[in-house]
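Q: Protein sequences appear in the order of chains A and B. Mapping to numbering that gives the first Met the number 0: the first sequence position 231 is 230, numbers consecutive. Mapping to numbering that gives the first Met the number 0: the second sequence position 278 is 277, numbers consecutive. Here a beta-carbon is modelled for each residue, glycine too, at the ideal position from N, C-alpha and C. All of these numbers come straight from a predicted model, not from anything done at the bench.
2 protein chains.
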Amino acid sequence: MAATIKDIAKKAGVSMSTVSLVLNRKGYVASETKQRILSIMQQMNYKPLRSARKLATQKTGNIGYIIWEGHFSEVEMFYSQVFLGMEYAARKNDHYILLTTVKEEFDPKENLPRFLRYNDVDGVALAGRVPHALIEYLDHQHIPFVLIDYELPGKNYNCVKIDNYNGAFRAMESLILSGRKNIAFVGGTYFHPSIKERYRGYKEALEKYNLINNNYLEKNSYCEEAETSRAIGEKGAIKLLGKNPAIDAVFCCNDTTAMGVISGVQKYGKKIPGDIAVIGFDDIPPAEFCTPKLSTLRVPKLVIGKEAYKLLCELNDNPNMAPQTRTIAVDLIVRESSYSESKGN
Amino acid sequence: MAATIKDIAKKAGVSMSTVSLVLNRKGYVASETKQRILSIMQQMNYKPLRSARKLATQKTGNIGYIIWEGHFSEVEMFYSQVFLGMEYAARKNDHYILLTTVKEEFDPKENLPRFLRYNDVDGVALAGRVPHALIEYLDHQHIPFVLIDYELPGKNYNCVKIDNYNGAFRAMESLILSGRKNIAFVGGTYFHPSIKERYRGYKEALEKYNLINNNYLEKNSYCEEAETSRAIGEKGAIKLLGKNPAIDAVFCCNDTTAMGVISGVQKYGKKIPGDIAVIGFDDIPPAEFCTPKLSTLRVPKLVIGKEAYKLLCELNDNPNMAPQTRTIAVDLIVRESSYSESKGN
DNA sequence: TTGATTTATCGAAACGTTTTAATATATTCT
DNA sequence: AGAATATATTAAAACGTTTCGATAAATCAA
C-alpha cells in the first residue's frame, strides 16, 4: 500500500542505495538526482518505516523516562514538565520517549518496565527519587542512564541537577536584605539530596549574615517527615510558630510545602507577607495563582529535560564517557508572599 | 551479541519457524519441544527484537496519546492519570503509549506529531479538547482514534466519556436534599460538551424539585469564560454573590474552578459549608487536601484510560466497527465543603 | 485398509531499511 | 601524463522476525 524505498528508486530510475543515501544525508549524490528523488518522495508521500530502519541500524530509537508512581500520580507537575522538555528535544533526533512508572517496592525480577525487559531503549532518564535497585540494575546492565534531580551519595552517575544550593542562598539573601531575622525552614525529609542542598543554602546564608545564635536552627527548622506535601507544610508551620513566635519568614523546601505553610500561617492568624514572608522552591503553576501569590525559585523544567536528553545522546555516541553532572541555574521570582515593602521598615 | 531466534533454534535442534511458533503461542508444537525451547530461551536470556517483529507483522506496536499543550502544562492532573490508565492497560498487549502535545493553533501540515507524520501508530487517543483540524486529519487518514472526555456535536466518533449528566444530577440532589435552595452554577464556557452536560444535570435536577422560578438560572449561573481555572472560579463566585446574596450552594463545573469558588466565597466573607456548600467535579488530588476539603464527583481516571485503550484494540481487530461511545460512571464523594450537618436545619 | 484429518516441523520468502565494498567517472595534484 | 583523490552510483548482504505452503507422521473414521 504505502510507498517504499523500492518504489521511489524505480520511479527515479536509481538504486535503493541512492535513495537511502539522500534519506540519510550521507555519502555523495549528485544534487540533480537528489532533487529528483526528493520530489518523488514528496509526490508519492513516502514515509520511511521506522521498524525497518531500526532493524537495520540496530538502534531502538527509544528513550525511557521512569518516574516513581507516587510522584506522577500526585500533585507533582514538576516531572511532567521535565518529561515535556525531553519530548520537545527528542523531536529533532526522532527519539520516542517512553514514559512509565515504577512502584516504590521495586524488584528487577518482577516489575521491570517493558522497555527494559526487552532491551528496547537506547537510554533511560530517571526522574526524581527512584528505587536504588533500579539504578543498580541499569548500571549493571550497562544501559546508559541519567538521574534527574536526584543523586546517590558516594556514587558517581550521570546526572542533571538543579542548583539547589545557590537558589536557596539567593532566596535567603533576599529575605535577609529585606529585614527578616528569624527565618524558618520547613522541609520534608533530609533524605532527599535536593532538599539537603536547599537546607545547606539556608544555613550558610544565615551564617554569612551572622544571624545564627545558640539554638536558632533547632527552633526554626521542621524536617521530620519522610515526604513533602501541603499537609506537612501546614503542620510544620503551626508547630514552628508554636515553638518560636518571633518567626518573620519561612523558606520552604518546595512550593507544595509552601502552600501548606501559607495556610498554616493564616490559620495561626498571621498575615503574609506583613508578619511573615514565605518563599517556596520549584515554581509549580499554582504558585502563581494561590493567595497570596507565592514567591519562589523558578526551575526551568523544560531545560532540565532537554539537558537530560542531550546527555543521553552524547552517552550513546560515546559509551565510555566519564559520568558527569550538569547543574541548571534557577531564578528567584518575587511575588506577593515576600514583597519587602510590606514589612514595616 | 544478544541471542536471536536462530541461536535458539540451533541449540534446540529445531527450525526458526518452530521457535517462532512457541514464541507466539500459535500452531502446533509438541509440548516436549515447546518446553525445551522455552527453557533454552530462559537460559540464553533471549529477548525478541521489537523492530524485527514489527517489520514482519506490519504493526507499529504504538498508540499515540495527544493532549493539548495547555492541558498538560497546567494544573490538569486529570489527563496524566488517564494516560497512566492507558499505560497500565497497554502493558498486557505490549503496546507503547507515545505521549505528545499539540498547540492550540494546529496545522496538520506543520505541527503534526511525529508518530502521525511517519504513520507510526496503530491508533490514537485524544485527551480532552483538541484542535478540530487534528480530528479531521485522523478521520480522513483512517487512523483509528478515540476521543476521551470530549465530543463533537453532530459527529459520530469513537469516544470514552464521563457520565457528566448523572454525576451532576446526583450532586445536585445531595445539595437539594440537604436543604439548599439557591444553588449556583459556576462553569467555564458552554463550549465544552462535558460542561454542557454538567449544566444540564444541574438544570434538570432543579426542575425535578421545582426550584426554578422566573430568572433563577440567569441569577445563579456564571458561564462567560472561554476556559476554566481557579482565577475564573473566584471571579465567578464573587460576581454571583453580588447579584444574588441568597445563594446557599455552588455546583462547579470542575474542581479547579471549585477551588477558585472557595476562595471567592471566603473573600466575600461567607463560611463553607455553613453559609454556602460547594461541590466540584473530577476529584483531582488537591481536592482532598484543600481547606475545606472539597466535595466532588470522583472520576475513575485509570478506568477511562483503560477503556480507551481497549476500544482502540478492538478497533484494530475490527477496522470497520461502528463508532461507539462508552460512558464511565462517577461517584459522589462528600467531604467538608458540603457536609449537610453544617447547614443549620 | 484406506482415506481423511489432526498434529508437528521446516524451508524459504517476505517485511523495508542500511551499509559495505565494488565500480566508474570526474577532478585535482605533481 | 599519470597518480591520487573526490564524486556518483550500485548490487547484494544483512538486520531478526513472521508466515505461507509443503511435507510427513500420527490419529481417526469408515
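Residues of the region 86-113 of chain B with a CB closer than 8 Å to any CB of chain A: list them in chain order, please.
A: Against chain A - using a Cβ distance shorter than 8 Å - the residues of the region 86-113 of chain B are Glu86, Arg90, Asp93, Tyr95, Ile96, Leu97, Leu98, Thr99, Thr100 and Arg113.
Q: Quick check on DSSP: helix, strand or coil for Asp330(A)?
A: Here residue 330(A) refers to the residue found at position 331 when the first sequence is read from its first residue. In this structure, Asp330(A) counts as strand in the three-state DSSP scheme.
Q: Take the Cβ of Asp138(B) as the centre, count every other Cβ of all protein chains shown within 10 Å, and call the residue buried at 16 or more, exposed below.
A: Here residue 138(B) is taken as the residue at index 139 of the second sequence, counted from 1. By the neighbour-count rule (16 or more Cβ atoms within 10 Å), Asp138(B) is not buried but exposed.
Q: Under a CB-based cut-off of 8 Å, is Val13(A) close to chain B?
A: The count along the first sequence starts at 1 and reaches residue 13(A) at position 14. No, its Cβ sits nowhere closer than 8 Å to a Cβ of chain B.
Q: I need the straight-line Cα distance from Lys46(A) to Arg52(A), nearest angstrom please.
A: Taking the first residue of the first sequence as 1, we reach residue 46(A) at position 47. Taking the first residue of the first sequence as 1, we reach residue 52(A) at position 53. Going from the Cα of Lys46(A) to the Cα of Arg52(A) covers about 11 Å.
Q: Who does Phe144(B) pair with in a DSSP beta bridge?
A: By one-based count along the second sequence, residue 144(B) stands at place 145. BP columns for Phe144(B) point to Val123(B).
Q: Are there any heavy atoms of the ligand NAD lying less than 7 Å away from the beta-carbon of Leu97(A), as far as the coordinates show?
A: With respect to the ligand NAD, the structure offers nothing, as it holds no ligand at all.
Q: List, in order along the chain, the chain B residues whose C-beta lies closer than 8 Å to that of Ala51(A)?
A: To locate residue 51(A), count along the first sequence from 1; it is residue 52. Per Cβ cutoff of 8 Å: Ser50 and Leu54.
Q: Checking 8 Å against the spacing of the C-beta atoms, do Tyr64(B) and Leu98(B) come in under that value?
A: Within the second sequence, numbered from 1, the residue matching residue 64(B) stands at position 65. Within the second sequence, numbered from 1, the residue matching residue 98(B) stands at position 99. Yes, the pair counts as a contact, with Cβ atoms nearer than the cut-off.
Q: Can you confirm whether the region 323-333 of chain A touches the region 159-174 of chain A when touching is taken to mean that 3 or more C-beta pairs between the two stretches lie within less than 8 Å?
A: Yes, they touch.
Q: Would Gly343(B) be called buried (16 or more neighbouring beta carbons within 10 Å of its own) or exposed?
A: By one-based count along the second sequence, residue 343(B) stands at place 344. Note that Gly343(B) has pLDDT 40, beneath the 50 cutoff, so the model's placement of it is unreliable and the number below is only indicative. The residue in question, Gly343(B), is exposed, as its Cβ has fewer than 16 Cβ neighbours within 10 Å.
Q: Going by other Cβ atoms of all chains shown within 10 Å of its Cβ, with 16 needed for buried, is Tyr308(B) buried or exposed?
A: On the second sequence, position 309 is the one that residue 308(B) refers to. Buried.
Q: Label Pro244(A) either buried or exposed according to how many other C-beta atoms from any shown protein chain fall within 10 Å of its C-beta, with 16 as the threshold for buried.
A: For the purposes of this step, residue 244(A) is taken as the residue at position 245 of the first sequence. With fewer than 16 other Cβ atoms within 10 Å, it is exposed.
Q: Given that a residue counts as buried once 16 or more other Cβ atoms are within 10 Å of its Cβ, and exposed if not, what is Leu239(B)?
A: The count along the second sequence starts at 1 and reaches residue 239(B) at position 240. Looking at its Cβ environment, which holds 16 or more other Cβ atoms inside 10 Å, Leu239(B) is buried.
Q: Of all the options Gln323(A), Ser339(A) and Ser337(A), which has the alpha carbon lying nearest to the alpha carbon of Lys154(A)?
A: Position 155 of the first sequence, counted from the first residue, corresponds to residue 154(A). When only C-alpha atoms are compared, the closest one is Gln323(A).
Q: With respect to the beta strand (DSSP E) encompassing Arg24(A), which residues constitute its N-terminal and C-terminal limits?
A: Start at 1 with the first residue of the first sequence, and residue 24(A) comes out as number 25. From DSSP, Arg24(A) is part of no beta strand (DSSP E); its letter is neither H nor E.
Q: Tyr87(B) and Lys305(B) look like a contact to me (Cβ under 8 Å); what is the Cβ gap, rounded to whole Å?
A: Position 88 of the second sequence, counting from 1, holds the residue named residue 87(B). Position 306 of the second sequence, counting from 1, holds the residue named residue 305(B). At roughly 7 Å, the Cβ-Cβ gap stays under 8 Å, so Tyr87(B) and Lys305(B) are in contact.
Q: Is Lys180(A) helix, strand or coil when you go by DSSP?
A: Within the first sequence, the letter at position 181 stands for residue 180(A). Looking at Lys180(A) - three-state DSSP - the assignment turns out to be coil, as it is neither helix nor strand.
Q: Please classify Pro196(A) as buried or exposed, where buried requires at least 16 other C-beta atoms within 10 Å of its C-beta.
A: Looking up residue 196(A) in the first sequence gives position 197. What sits at residue 196(A) in the sequence shown is Glu, not Pro. Per the 10 Å Cβ criterion, buried.
Q: Show which residues of chain B have a CB atom less than 8 Å away from the CB atom of Tyr156(A).
A: Here residue 156(A) refers to the residue found at position 157 when the first sequence is read from its first residue. Chain B residues near Tyr156(A): none, gap ~24 Å exceeds 8 Å.
Q: For the region 236-255 of chain A, list every residue whose C-beta sits within 9 Å of some C-beta in chain B, in sequence order.
A: Per Cβ criterion, the list is empty.
Q: Could you list the residues in the region 310-337 of chain B with a C-beta less than 8 Å from some C-beta on chain A, going in chain order?
A: Residues passing the 8 Å Cβ filter: none.
Q: Do the CB positions of Ala8(A) and Met0(A) come within less than 8 Å of each other?
A: In the first sequence, residue 8(A) corresponds to position 9, counting from 1. In the first sequence, residue 0(A) corresponds to position 1, counting from 1. For Ala8(A) and Met0(A), no; Cβs fall outside 8 Å.
Q: In terms of alpha-carbon separation, which member of Gly273(B), Tyr95(B) and His131(B) lies closest to Ser339(B)?
A: Taking the first residue of the second sequence as position 1, residue 339(B) is located at position 340. For the residues Gly273(B), Tyr95(B) and His131(B), the minimum Cα distance to Ser339(B) belongs to Gly273(B).
Q: Along chain B, which residues have their Cβ under 9 Å away from the Cβ of Lys202(A)?
A: If you number the first sequence from 1, residue 202(A) lands on position 203. In chain order: nothing, as chain B lies at least about 29 Å away.
Q: Rounded to whole angstroms, what is the Cα-Cα separation between Asn163(A) and Val298(A)?
A: As a first step, residue 163(A) must be located in the first sequence, where it is residue number 164. As a first step, residue 298(A) must be located in the first sequence, where it is residue number 299. One C-alpha to the other measures close to 9 Å.
Q: On the DSSP letters alone, give me the boundaries of the alpha helix (DSSP H) that Ile81(A) sits inside.
A: In the first sequence, counting from the first residue as 1, residue 81(A) sits at position 82. Reading off the sequence shown, one finds Val at residue 81(A), where the question assumed Ile. Taken as a continuous stretch (DSSP letters only), the alpha helix (DSSP H) holding Val81(A) covers Met76 to Asn92.
Q: When you compare the CB positions of Thr290(A) and Asp281(A), do they come within less than 8 Å of one another, or not?
A: Looking up residue 290(A) in the first sequence gives position 291. Looking up residue 281(A) in the first sequence gives position 282. Contact flag unset, no.
Q: Go ahead and pull the three-state DSSP assignment for Cys312(A).
A: In the first sequence, the residue the question calls residue 312(A) occupies position 313. Helix, per DSSP.
Q: Give every residue of the same chain whose Cβ lies closer than 8 Å to the Cβ of Ile275(B), excluding the five residues on either side of it in the sequence, and list them in chain order.
A: Stepping through the second sequence from its first residue, residue 275(B) is reached at position 276. Excluding sequence neighbours, Ile275(B) sits near Ile246, Asp247, Ala248, Val249, Val264 and Lys269.
Q: Answer with yes or no whether the minimum CB distance from Lys46(B) to chain A is below 8 Å.
A: Your numbering for residue 46(B) matches position 47 in the second sequence. Answer yes: the Cβ-Cβ gap between Lys46(B) and chain A drops below 8 Å somewhere.
Q: Among Pro192(A), Thr100(A) and Asn253(A), which has the Cα closest to the Cα of Asp148(A)?
A: The residue labelled residue 148(A) in the question sits at position 149 within the first sequence. Nearest option by C-alpha distance: Pro192(A).
Q: Any Cβ of chain B within less than 8 Å of the Cβ of Arg24(A)?
A: Stepping through the first sequence from its first residue, residue 24(A) is reached at position 25. Output row for Arg24(A): interface = no.
Q: For a cutoff of 8 Å on Cβ pairs, would you count Arg197(B) as touching chain A?
A: Indexing the second sequence from 1 puts residue 197(B) at position 198. Judged by the 8 Å Cβ criterion, Arg197(B) is not in contact with chain A.
Q: At the 8 Å Cβ level, is Ser38(A) part of the contact set with chain B, yes or no?
A: Position 39 of the first sequence holds residue 38(A). No, no contact with chain B.
Q: Give the straight-line distance between the Cα atoms of Thr100(B) and Pro285(A), rounded to the nearest whole angstrom.
A: Counting from 1 along the second sequence, the entry for residue 100(B) is found at position 101. Counting from 1 along the first sequence, the entry for residue 285(A) is found at position 286. Those two C-alpha atoms are separated by around 21 Å.
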